[in-house]
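Visitor:
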Amino acid sequence: MACSDIPFEHTISEVRVARIHGEYVINPTFQQMDEADMDLMVGATKDNIMMVEGEMDEVSEQELIGALKTAAEAIKPMCTLQDELSKELGKDVKREYDHEINDEDLRQQIKTELYQPAYDVNKQALEKQARHDAFDKILADFLEKYDAAHADLKEEELEEKHAEATRYYEDVLRDAMRRCILDEGKRLDGRQTTDIRPIWCEVSPLPMPHGSAIFQRGETMSLSTCTLGTKLDEKLVDDVLEKSYQRFLLHYNFPPFSTGEAKAQRGVGRREIGHGHLAWRGLKGQIPTDYPYTVRLVSQILESNGSSSMATVCAGTLALMDAGVPMKKPVSGIAMGLIKNPGEEKYAILSDILGDEDHLGDMDFKTTGTRDGLTATQMDIKCDGLSFEILEQALMQAKAGREHILNCMLETISEPRAELKPQVPRIEAFDIPKEFIGAVIGPGGKIIQQMQEETNTVITIDETDGKGHITVSAPNKDSIEAAIAKIKGIVAIPEIGEIYEGTVRSVMPYGCFVEILPGKDGLLHISEIDWKRLESVEEAGIKEGDKIRVKLMDIDPKTGKYKLSRRILMEKPEGYVERERRPRPDRRSHREGERHE
Amino acid sequence: MNVITKKVQLPDGRTITIETGKVAKQADGAAVLRMGNTVLLATVCAAKDAVPGTDFMPLQVDYREQYSSAGRFPGGFTKREGKASDSEILISRLIDRALRPLFPSNYHAEVYVQVMLLSADGVDQPML
Chain X
44 MACSDIPFEH TISEVRVARI HGEYVINPTF QQMDEADMDL MVGATKDNIM
94 MVEGEMDEVS EQELIGALKT AAEAIKPMCT LQDELSKELG KDVKREYDHE
144 INDEDLRQQI KTELYQPAYD VNKQALEKQA RHDAFDKILA DFLEKYDAAH
194 ADLKEEELEE KHAEATRYYE DVLRDAMRRC ILDEGKRLDG RQTTDIRPIW
244 CEVSPLPMPH GSAIFQRGET MSLSTCTLGT KLDEKLVDDV LEKSYQRFLL
294 HYNFPPFSTG EAKAQRGVGR REIGHGHLAW RGLKGQIPTD YPYTVRLVSQ
344 ILESNGSSSM ATVCAGTLAL MDAGVPMKKP VSGIAMGLIK NPGEEKYAIL
394 SDILGDEDHL GDMDFKTTGT RDGLTATQMD IKCDGLSFEI LEQALMQAKA
444 GREHILNCML ETISEPRAEL KPQVPRIEAF DIPKEFIGAV IGPGGKIIQQ
494 MQEETNTVIT IDETDGKGHI TVSAPNKDSI EAAIAKIKGI VAIPEIGEIY
544 EGTVRSVMPY GCFVEILPGK DGLLHISEID WKRLESVEEA GIKEGDKIRV
594 KLMDIDPKTG KYKLSRRILM EKPEGYVERE RRPRPDRRSH REGERHE
Chain G
1182 MNVITKKVQL PDGRTITIET GKVAKQADGA AVLRMGNTVL LATVCAAKDA
1232 VPGTDFMPLQ VDYREQYSSA GRFPGGFTKR EGKASDSEIL ISRLIDRALR
1282 PLFPSNYHAE VYVQVMLLSA DGVDQPML
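These protein sequence lines are chains X and G, in that order. Per my numbering, the first sequence runs over residues 44 to 640. Per my numbering, the second sequence runs over residues 1182 to 1309.
This is the structure in structure tokens:
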């Protein structure tokens, strides 16, 4: 813009300011960002902050101001540089333009005739729809009279006049609303500047989602649901400079019926992405980093009259707690506004602004936070000369508002539910030694696939820090236990003296092979099947596929083969005499100790 | 809040509950319908005036299912509900075709009906 002659009032610049180990750093590197506990983007002119957006790790209002001051200082030279550039290029003289046709008489007429009626409607503190209707009627009545008085004008000319009148009337409304607040401390809906609209919360309004909540504040309502998913539900972030997986998602939807508009439902718009992102930033720090579930919040705005992103933060907190997500601390959010006319001492800071107060006011300053500090912020400022004192005052007023909102929320649900709801899939995570990863997966994934199929679970393995990190997710408790038992079986090292429930894999003339743990077969010698002498394995009624209980007697130190016994678990018949065996000295030395136990 | 609730019983004893006045109050009409653990929200919004020159009934019905209603994550890259699926469109059409003939023939304002599946237990069929 500075290099062009496009009309533009001030040069601006934007910096990222992060706090790293207590120091504010301007435009940090990717590496530095990993250690930051505060991350703010600030856009400002030489004199005024215009835009702020960021997330932080529960910092105080004063710390946020500190970061803003640092950013504002860093931006000044960047603006000066652009001003110099603009001057050198000769672009400080902007192009001529003429985009509006104005009828100053009409403007004046509307101002004198409509200001008072608009002001009076303002003072009546009507609900949104009624107020809009009342405002519209004032203009409609005026236009009717105007048309009658200007019957000589052509239809197109009248239409043009109507468009102009609407524009002037908008200014009148803006003025009326602002004066009413500044002079009488009375807002469009009758509130004092610090008042928060009435709040109503409900948890579990829906039976089947894993968590759900309604948060209503005045005429703004969010219905939020929380879904718990597995590792496979993580969202891949595949950007040019970032590749990662997101384990916490928040989606914000703003259907047209929330404001009563007769419009088609469109795909997700930029506004929805932005609002969702802000709420996401406000909440994400409170989800434990080692939480095994992937978490998705969806906020449906069912009614809207301002601050629906902040309602999303509140409803999101409630839905998370309703689902039993052990969030560290609950988060609430509020949108603050400001009325400040240029050159006038008086100003008003508004808590919990309405849609119209955002539109007609000078600031939209959203903050989210826990009781202990701020977690995210987004601010747009439309006026000049906003001092840091006013900003700090707004932040402190916001803090009081957030506390009030949080208290209302906690009256409905004071902490995360201790138990997940029964329909929630179960997830358990544990580590196994690295060398077993291959055994769990099996050749070509055969073992892991078989386990998943048999137990109706999803099993994932990651190699991290020299260990195998396993996550098992299952639709219910039984199947998760079955799957874990199978994995533990593979990972377990058979121990001498342990009793196993094994499966007969093959039958041989000299005994049978029994799988005691998945992939681990041992020999059950014919002499170890029963106390009485058997001629064949079949005589004991044992066949392939049978499940039998066996005890691991020994592991051959050389070959690692397992020697099993079945008869040791059976009662020894009275008068049993150990049969003489043909001498096999090399092996006998092993057995002797156990044989006579 | 002025909440009105009505119940109707099916021949086999299952109950359908219809509630209005609690949510989506800025729509021209909104109702929450429950049967067992299945919950649907239906809203309707109409334009005040017809677009000049309209000689048909500009009705649009959108039936959408939320994955969270069944405790599931949406698949795909975005992990978010996107374009309507064929089955959602077919159900939208079922609603559309039932509603369309009932508007006065000289009524031409745009009407938008939105039905959202909020909770589903896999027992009762939400499209019914």
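For glycine and all other residues, C-beta sits at the position ideal for the given N, C-alpha and C. As the structure is a prediction and not an experimental result, all values here were calculated from the model.
Cβ of Leu1299 (chain G) within 8 angstroms of Cβ of Ser1250 (chain G)?
Guide: Going by C-beta atoms, Leu1299 (chain G) is nearer than 8 angstroms to Ser1250 (chain G).
Visitor: Check each residue of the region 297-312 of chain X: if its Cβ is closer than 8 angstroms to any Cβ of chain G, include it; give the result in chain order.
Guide: If the cut-off is 8 angstroms between Cβ atoms, the region 297-312 of chain X has Pro298, Pro299, Phe300, Ser301, Thr302, Gly303, Glu304, Ala305, Lys306, Ala307, Gln308, Gly310 and Val311 near chain G.
Visitor: Using a C-beta cutoff of 8 angstroms, does Pro50 (chain X) count as contacting chain G?
Guide: So no, Pro50 (chain X) is outside the interface.
Visitor: When you compare the CB of Val593 (chain X) with every CB in chain G, is at least one pair closer than 8 angstroms?
Guide: It does not: the Cβ of Val593 (chain X) has no partner Cβ on chain G nearer than 8 angstroms.
Visitor: Check whether chain G comes within 8 angstroms of Glu315 (chain X), counting only Cβ atoms and requiring the distance to be less than that.
Guide: Not closer than 8 angstroms to any Cβ of chain G, the Cβ of Glu315 (chain X) fails to qualify, so no.
Visitor: So, helix, strand or coil for Gln75 (chain X), using DSSP?
Guide: In the structure shown, Gln75 (chain X) sits in a helix (DSSP, three-state: H, G or I).
Visitor: How about the region 387-396 of chain X and the region 334-341 of chain X: do they share at least three Cβ pairs that are nearer than 8 angstroms?
Guide: Too few Cβ pairs lie closer than 8 angstroms, so no.
Visitor: Unbroken alpha helix (DSSP H) runs of length 4 or more, entirely within the region 361-446 of chain X: which are they?
Guide: Taking only runs of at least 4 residues, the alpha helix (DSSP H) segments lying wholly in the region 361-446 of chain X are 398-403.
Visitor: If you count every other CB in all the chains shown that lies within 10 Å of the CB of Tyr1248 (chain G), and 16 or more means buried, which is it?
Guide: Result: buried.
Visitor: Measure how close the beta-carbons of Leu397 (chain X) and Leu231 (chain X) come, nearest whole angstrom, since I'm counting them as under 8 angstroms.
Guide: Sure, about 6 angstroms apart at Cβ, within 8 angstroms.
Visitor: Would you list the one or two residues that DSSP bridges to Glu101 (chain X)?
Guide: Paired residues: none, contrary to the question.
Visitor: Following the continuous alpha helix (DSSP H) through Cys223 (chain X), name the residue where it begins and the one where it ends.
Guide: Its alpha helix (DSSP H) spans residues Glu198 to Glu227.
Visitor: When the Cα atoms are used, what is the spatial distance from Gln1306 (chain G) to Arg309 (chain X)?
Guide: For Gln1306 (chain G) and Arg309 (chain X), the distance between alpha carbons rounds to 26 angstroms.
Visitor: Pick from X:Asp48, X:Ala192, X:Thr500 and X:Val102: whose alpha carbon is nearest that of Ile63 (chain X)?
Guide: When each option's Cα is compared against that of Ile63 (chain X), the closest is X:Val102.
Visitor: Would you give the residue range spanned by the alpha helix (DSSP H) that Pro486 (chain X) belongs to?
Guide: Run containing Pro486 (chain X): none; DSSP gives neither H nor E here.
Visitor: Mind checking Pro50 (chain X): buried by the 16 CB within 10 Å criterion, or exposed?
Guide: Pro50 (chain X) comes out exposed.
Visitor: Jot down the residue ranges of each uninterrupted beta strand (DSSP E) in the region 445-486 of chain X, minimum 3 residues, whole runs only, in chain order.
Guide: Entirely contained in the region 445-486 of chain X, the beta strand (DSSP E) runs reaching 3 residues are, in chain order, 469-476.
Visitor: Between which two residues does the alpha helix (DSSP H) harbouring Ser1268 (chain G) extend?
Guide: Residues Asp1267 to Leu1280.
Visitor: Check whether chain X comes within 8 angstroms of Thr1224 (chain G), counting only Cβ atoms and requiring the distance to be less than that.
Guide: Yes, because at least one Cβ of chain X sits closer than 8 angstroms to the Cβ of Thr1224 (chain G).
Visitor: Excluding the 5 residues flanking Thr263 (chain X) on each side, which residues of the same chain have their C-beta closer than 7 angstroms to its C-beta?
Guide: So the qualifying residues of the chain are Glu346, Ser347, Asn348, Gly349, Ser350, Ser351 and Ala354.
Visitor: Note down, one range per segment and in chain order, each beta strand (DSSP E) of at least 3 residues found wholly within the region 264-295 of chain X.
Guide: With a minimum length of 3 residues, the continuous beta strand (DSSP E) runs that stay inside the region 264-295 of chain X are 278-281 and 286-289.
Visitor: So, Thr500 (chain X) versus Ala526 (chain X), is the Cβ gap smaller than 8 angstroms?
Guide: Contact flag set, yes.
Visitor: Per DSSP, which one or two residues make a beta bridge with Gln343 (chain X)?
Guide: DSSP lists X:Leu266 and X:Asn296 as partners of Gln343 (chain X).
Visitor: Give the C-beta separation of His512 (chain X) and Asp564 (chain X) to the nearest angstrom, bearing in mind that I take them to be a contact with Cβ-Cβ under 8 angstroms.
Guide: So it is not a contact: roughly 28 angstroms between Cβ atoms.
Visitor: Can you tell me whether Arg150 (chain X) is helix, strand or coil according to DSSP?
Guide: Arg150 (chain X): helix per DSSP, three-state reduction.
Visitor: Cβ closer than 9 angstroms: which chain X residues qualify as neighbours of Val1220 (chain G)?
Guide: Neighbours of Val1220 (chain G) on chain X, chain order: Pro248, Leu249, Pro250 and Met251.
Visitor: With a cut-off of 8 angstroms, does the C-beta of Gly1263 (chain G) fall near any C-beta of chain X?
Guide: Yes, contact with chain X.
Visitor: Considering only residues of the same chain and omitting the five flanking positions on each side of Gly86 (chain X), which have a CB-CB separation below 7 angstroms?
Guide: Excluding positions up to five away in sequence, the list reads Ile55, Glu57, Met93 and Met94.
Visitor: So for Met596 (chain X), helix, strand or coil by DSSP?
Guide: In this structure, Met596 (chain X) counts as strand in the three-state DSSP scheme.
Visitor: Mind checking whether Leu393 (chain X) and Gly376 (chain X) have CB atoms under 8 angstroms apart?
Guide: No. Outside cutoff.
Visitor: Cβ of Val550 (chain X) within 8 angstroms of Cβ of Ile591 (chain X)?
Guide: No, they are not a contact pair.
Visitor: Say whether the region 354-370 of chain X touches the region 317-330 of chain X, bearing in mind that this needs 3 or more beta-carbon pairs closer than 8 angstroms, one atom from each stretch.
Guide: The region 354-370 of chain X vs the region 317-330 of chain X: in contact.
Visitor: Against chain X, with Cβ distances strictly below 8 angstroms, would Val1204 (chain G) count as a contact?
Guide: Taking Cβ atoms only, chain X reaches closer than 8 angstroms to Val1204 (chain G), which makes this a yes.
Visitor: In terms of DSSP beta bridges, what is Cys244 (chain X) paired with?
Guide: In the DSSP output, where bridge partners are listed per residue, Cys244 (chain X) has X:Phe258.
Visitor: I need the straight-line Cα distance from Glu187 (chain X) to Arg150 (chain X), nearest angstrom please.
Guide: C-alpha separation (whole angstroms): 16 angstroms.
Visitor: Rounded to whole angstroms, how far is the Cβ of Val1296 (chain G) from the Cβ of Leu1240 (chain G), which I believe are closer than 8 angstroms?
Guide: Actually they do not touch by this definition, with Cβ atoms about 13 angstroms apart.
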